[in-house]
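Working notes, beginning with the structure itself.
2 protein chains.
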Amino acid sequence: MTSTSEFDAAQALSGNGPVFGAVLDGQWDGIGITNGGFLLALATRAIGQLVAFPDPIAVSGFYLRPGVPGPVEISAEVLRSGKTTAFGQASVSRDGKELLRASAAFSDLGAAAGRGGLSYDGSEPPDQPPPGQCLELKRATFPPITLVNHLEYRCAKLPFWAAGGAPSGRPVYEGWMRFVDGREPDLLSLLMFVDAVAPAVLEVGAGTMSTVELTVHLRGRPAPGWVAFRTQTRYLADGYLEEDAEIWDSGGRLVAQSRQLGIVLR
Amino acid sequence: MTSTSEFDAAQALSGNGPVFGAVLDGQWDGIGITNGGFLLALATRAIGQLVAFPDPIAVSGFYLRPGVPGPVEISAEVLRSGKTTAFGQASVSRDGKELLRASAAFSDLGAAAGRGGLSYDGSEPPDQPPPGQCLELKRATFPPITLVNHLEYRCAKLPFWAAGGAPSGRPVYEGWMRFVDGREPDLLSLLMFVDAVAPAVLEVGAGTMSTVELTVHLRGRPAPGWVAFRTQTRYLADGYLEEDAEIWDSGGRLVAQSRQLGIVLR
Chain X
1 MTSTSEFDAA QALSGNGPVF GAVLDGQWDG IGITNGGFLL ALATRAIGQL VAFPDPIAVS
61 GFYLRPGVPG PVEISAEVLR SGKTTAFGQA SVSRDGKELL RASAAFSDLG AAAGRGGLSY
121 DGSEPPDQPP PGQCLELKRA TFPPITLVNH LEYRCAKLPF WAAGGAPSGR PVYEGWMRFV
181 DGREPDLLSL LMFVDAVAPA VLEVGAGTMS TVELTVHLRG RPAPGWVAFR TQTRYLADGY
241 LEEDAEIWDS GGRLVAQSRQ LGIVLR
Chain R
1001 MTSTSEFDAA QALSGNGPVF GAVLDGQWDG IGITNGGFLL ALATRAIGQL VAFPDPIAVS
1061 GFYLRPGVPG PVEISAEVLR SGKTTAFGQA SVSRDGKELL RASAAFSDLG AAAGRGGLSY
1121 DGSEPPDQPP PGQCLELKRA TFPPITLVNH LEYRCAKLPF WAAGGAPSGR PVYEGWMRFV
1181 DGREPDLLSL LMFVDAVAPA VLEVGAGTMS TVELTVHLRG RPAPGWVAFR TQTRYLADGY
1241 LEEDAEIWDS GGRLVAQSRQ LGIVLR
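In the order they appear, the protein sequences are chains X and R. Residue numbering for the first sequence follows the numbering used here, beginning at 1 and increasing consecutively. Residue numbering for the second sequence follows the numbering used here, beginning at 1001 and increasing consecutively.
As structure tokens, then:
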């Protein structure tokens, strides 16, 4: 791990809060617009500066305007600080116009893990070979998606847009993911990872999509190494779709669950 | 349908906004605390007074404090009003202390439905007999849950706490639901319906749960009649669980998808 990873450098906050500055540098984009998960991580990072707990556990963001690159202002506030949970909110604005309104709950997942108690795991990690036996997915073949320059993907089976052929009709993508520069996953980067896979809805013939709302639940601090992902759409109608992502760490533990409501763009 | 249904009467807003008054009357509670979905519907109703679109499509609420019955103040604001989508926020407070911070996107699902375009339905409605051939589930056997006095439930198979016996180990509940007073479902009531089923996590031995965050995506205006529901938990660890609810209208159309992050209480 380098002293400052690409991700953390790109998310550098200036100022002491509660209003912070940052720059959307155009290097974390999907088709000219800053990745929604990247923006959500930035807002959550700002809230994290103000609250007494280390770990975001639930984050929801509403995307008011496209995240066009440039300097932004992030105005964060604490809504409530309780004994085990703190709540905060952040607004990300560019030229005085709000791009994102994000709310978050924070807690201490380390302390939570020590408490033990009931457990149940009905999650179903992808049934896929280890990363070294998978195919490399070059997402950079979609030219203007700068985000993917920072990430490596491995898949047991390539999507139609990488392998050639027609959409499968089955809107599910599975695989492995990690940062190119060796930065290990953490909770903030999971907020971006859940939104860093190509839209599964491409497999039913959609062009691209725009996010209205994205919620992420963070269920555990991820172990180092590749993360396994599944991104899936179950319902598309009247131009709206939901996309669920799940992420498991290298130890096979479910560490993130996300859902977004999107609008299909032609 | 009566002139004013129980639900709408209990959600009456006073004032012209953007600050409204309301009363949590203790008749929509789970164990002494106002149902979280009911509160989310109340906040969304207030936002709806201020925006130019009729239909909430995505709503997220963070539960800062328990919704103890009594008079509340709801402070709503419009965050952005766009061509097809408006965004708003509301804060529900009691005695000056914030109980809920809710954000919502609104649009016009009627206009959206007319646009046609791609569709995909991978949702899996419960495989269950019609309501008339199902068993009546009397949730009122849990004494202090006043919410259930307003709702009827039908299930193909009763949960262990109604039928006797031990938890099944399978945290899924399916069935039918409607208002007792004949009020038909709409988008606001779906916000409560997603949270009006007993926690599926009871089936793996949990006591009850408290909601940290609840997101609801509303996918279509429901047809009149019974709605079919499924409530499911896939992952419980370190005291946290997610609970997903899906609701289909009487025509078999998926009309709501929700997810909440909860904390297990003993």
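For every residue, glycine included, the Cβ atom is placed at its ideal position computed from N, Cα and C. Just so you know, these numbers come straight off a predicted model, no measurement behind them.
The residue from X:Leu241, X:Asp244 and X:Val255 with its alpha-carbon nearest to that of X:Val227 is X:Val255.
Put simply, the CB of R:Gly1251 is far from chain X, with every gap to its CB atoms at 9 angstroms or more.
Relative to the Cα of X:Phe193, the nearest Cα in the group X:Ala111, X:Ser258 and X:Ala90 belongs to X:Ser258. Rounded to whole angstroms, the Cβ separation of X:Gly262 and X:Glu246 is 17 angstroms, and the two are not in contact under 8 angstroms.
Residues of the same chain with a CB within less than 6 angstroms of the CB of X:Phe62, apart from the 5 flanking positions on each side, are Arg101 and Glu213 in chain order. Excluding five sequence positions before and after X:Ser107, the CB atoms of its chain that fall closer than 8 angstroms to its own CB belong to Phe53, Asp55, Ile57, Thr84, Thr85 and Ala86, given in chain order. Relative to the Cα of X:Arg230, the nearest Cα in the group X:Trp176, X:Ser5 and X:Gly169 belongs to X:Trp176.
For R:Leu1236, the nearest CB of chain X lies under 9 angstroms from its own CB, placing it at the interface with that chain. Judged by DSSP secondary structure, R:Gly1175 falls within the beta strand (DSSP E) whose first and last residues are Val1172 to Phe1179. Using a CB distance cut-off of 9 angstroms, R:Ala1076 does not count as an interface residue toward chain X.
DSSP lists R:Ile1074 as the bridge partner or partners of R:Phe1020. Straight-line spacing of the CA atoms in R:Gln1027 and R:Lys1138 works out to 17 angstroms. Residues of chain X with a Cβ closer than 7 angstroms to the Cβ of R:Ser1119 are, in chain order, Leu236 and Ala237.
Per the C-alpha coordinates, the member of R:Tyr1240, R:Gly1225 and R:Arg1219 positioned closest to X:Ala237 is R:Arg1219. Put simply, the backbone Cα of X:Pro144 is about 12 angstroms away from that of X:Asn35. Here the C-alpha atom of X:Gln11 lies approximately 37 angstroms from the C-alpha atom of R:Ser1123. Taken in chain order, the members of the stretch 1164–1197 of chain R whose beta-carbon sits within less than 7 angstroms of a beta-carbon on chain X are Pro1171. For R:Ala1046, no beta strand (DSSP E) segment is defined; the enclosing uninterrupted segment is the alpha helix (DSSP H) at Gly1036 to Gly1048. Within the DSSP bridge table, the entry for R:Arg1101 names R:Phe1062 and R:Ser1091 as partners. Among the residues of the stretch 1032–1062 of chain R, those with a Cβ less than 7 angstroms away from any Cβ of chain X are Ile1057, Ala1058, Ser1060 and Phe1062, in the order of the chain.
At a cut-off of 9 angstroms, the C-beta of R:Thr1208 has no neighbouring C-beta in chain X.
Assigned with DSSP and collapsed to three states, R:Val1204 falls in helix. DSSP, reduced to helix, strand and coil, places R:Ala1009 within a helical segment of the structure shown. A residue is called buried when at least 16 other Cβ atoms come within 10 angstroms of its Cβ; R:Gly1239 meets this threshold and is buried.
Bounds of the beta strand (DSSP E) holding R:Arg1154 are Leu1151 to Cys1155.
Where R:Phe1229 is concerned, the enclosing beta strand (DSSP E) starts and stops at Val1227 to Gln1232. Under the DSSP assignment, X:Ser258 falls in the beta strand (DSSP E) whose first and last residues are Leu254 to Leu265. Closer than 9 angstroms to the CB of R:Thr1004 there is not a single CB belonging to chain X. Listed in chain order, the positions of the stretch 104–129 of chain X with a beta carbon within less than 7 angstroms of a beta carbon of chain R are Ala105, Leu109, Ala112, Ala113, Arg115, Gly117, Leu118, Ser119, Tyr120, Asp121, Gly122 and Ser123. Taking a contact as a CB-CB distance under 8 angstroms, the pair X:Leu39 and X:Gly70 does not count as one, their CB atoms being some 13 angstroms apart. Looking at the DSSP output, R:Ser1119 bridges to nothing.
By the CB criterion at 9 angstroms, R:Pro1222 and R:Pro1185 fall inside the cutoff. Residue contact check for R:Thr1231 against chain X: no CB pair falls below 9 angstroms.
Distances from the CA of X:Gly37 to each of X:Arg253, X:Glu203 and X:Val197 were compared; the closest alpha carbon is that of X:Val197. Per the coordinates, the alpha-carbon of R:Gln1128 lies some 18 angstroms from the alpha-carbon of R:Ala1200.
In the displayed model, R:Gly1110 falls within a helix according to three-state DSSP.
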